[in-house]
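Asks:
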């Protein structure tokens, strides 16, 4: 609960959502590299994710806070070490060090887009490719 409390104080209701969006973008790009996703599909998915991100976050700071909380939690649940080792790391020094290092690295990296890409940069509204229509229109629980 302490971790969730910290995440809520820093990232608000968004929680770990930025990590989920980042993973989705990674999977779209990986699918493109592996030939499982077309360039048109990848462009649509990345644009769609960008639009969703901008609707759910107020700016880079909130997005980055959500991302690092999600990334640390993902690291925690995927680590094979015993919880007796992982939990203190998640709740204290390990988390604090990782969190602080992440933001220091971003602040120091002038090439990082958060310094020069405006959060409200206009994004195109791309029409979903025909190949994604069935997936996008599928309702949960549909057994088509």
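In UniProt numbering, the protein residues as written are 1 to 144. Even for Gly, the Cβ is constructed at its ideal location relative to N, Cα and C.
Along the alpha helix (DSSP H) that carries residue 22, what are the first and last residues, could you check?
Replies: For the purposes of this step, residue 22 is identified with residue 22 of the chain shown, where counting begins at 1. Unbroken alpha helix (DSSP H) run through residue 22: 17–33.
Asks: In three-state terms, what does DSSP make of residue 149?
Replies: The structure shown does not extend to residue 149, since the chain is modelled only from 1 to 144, so the question has no answer here.
Asks: DSSP state of residue 58, grouped into three classes?
Replies: Here residue 58 corresponds to residue number 58 of the chain shown, with the count starting at 1. Looking at residue 58 - three-state DSSP - the assignment turns out to be coil, as it is neither helix nor strand.
Asks: I'd like the span of the alpha helix (DSSP H) that includes residue 134, first residue to last.
Replies: Counting from 1 along the chain shown, the entry for residue 134 is found at position 134. Taken as a continuous stretch (DSSP letters only), the alpha helix (DSSP H) holding residue 134 covers 130–137.
Asks: Residue 126 by DSSP, collapsed to three states: which one?
Replies: Locating residue 126 in the chain shown gives position 126, where the first residue counts as 1. Coil, per DSSP.
Asks: Leaving out the 5 sequence neighbours to the left and right, which residues in its chain are closer than 7 Å to residue 28 when beta-carbon positions are compared?
Replies: As a working mapping, residue 28 is identified with position 28 in the chain shown. 37, 42, 45 and 46.
Asks: How big is the Cα-Cα spacing for residue 49 and residue 125?
Replies: Taking the chain shown and counting its residues from 1, one reaches residue 49 at position 49. Taking the chain shown and counting its residues from 1, one reaches residue 125 at position 125. C-alpha separation (whole angstroms): 12 Å.
Asks: In terms of alpha-carbon separation, which member of 134, 120, 14 and 122 lies closest to residue 64?
Replies: What you label residue 64 is simply residue 64 of the chain shown in a count that begins at 1. When each option's Cα is compared against that of residue 64, the closest is 14.
Asks: Report buried or exposed for residue 18, applying the criterion of at least 16 other Cβ atoms within 10 angstroms of its Cβ.
Replies: To locate residue 18, count along the chain shown from 1; it is residue 18. Result: buried.
Asks: Which residues in the same chain have their Cβ closer than 6 Å to the Cβ of residue 112, if we skip the five residues on either side of it in sequence?
Replies: Numbered from its first residue, the chain shown carries residue 112 at position 112. So the qualifying residues of the chain are 106.
Asks: So, helix, strand or coil for residue 75, using DSSP?
Replies: Stepping through the chain shown from its first residue, residue 75 is reached at position 75. Looking at residue 75 - three-state DSSP - the assignment turns out to be helix.
Asks: Can you tell me whether DSSP reads residue 114 as helix, strand or coil?
Replies: Against the chain shown, residue 114 aligns to sequence position 114. Of the three classes helix, strand and coil, the one that applies to residue 114 here is helix, per DSSP.
Asks: For residue 105, which three-state DSSP category applies?
Replies: Indexing the chain shown from 1 puts residue 105 at position 105. Three-state result, residue 105: helix.
Asks: How many Å lie between residue 116 and residue 60 at the Cα?
Replies: Start at 1 with the first residue of the chain shown, and residue 116 comes out as number 116. Start at 1 with the first residue of the chain shown, and residue 60 comes out as number 60. Taking the straight line joining both Cα atoms gives about 11 Å.
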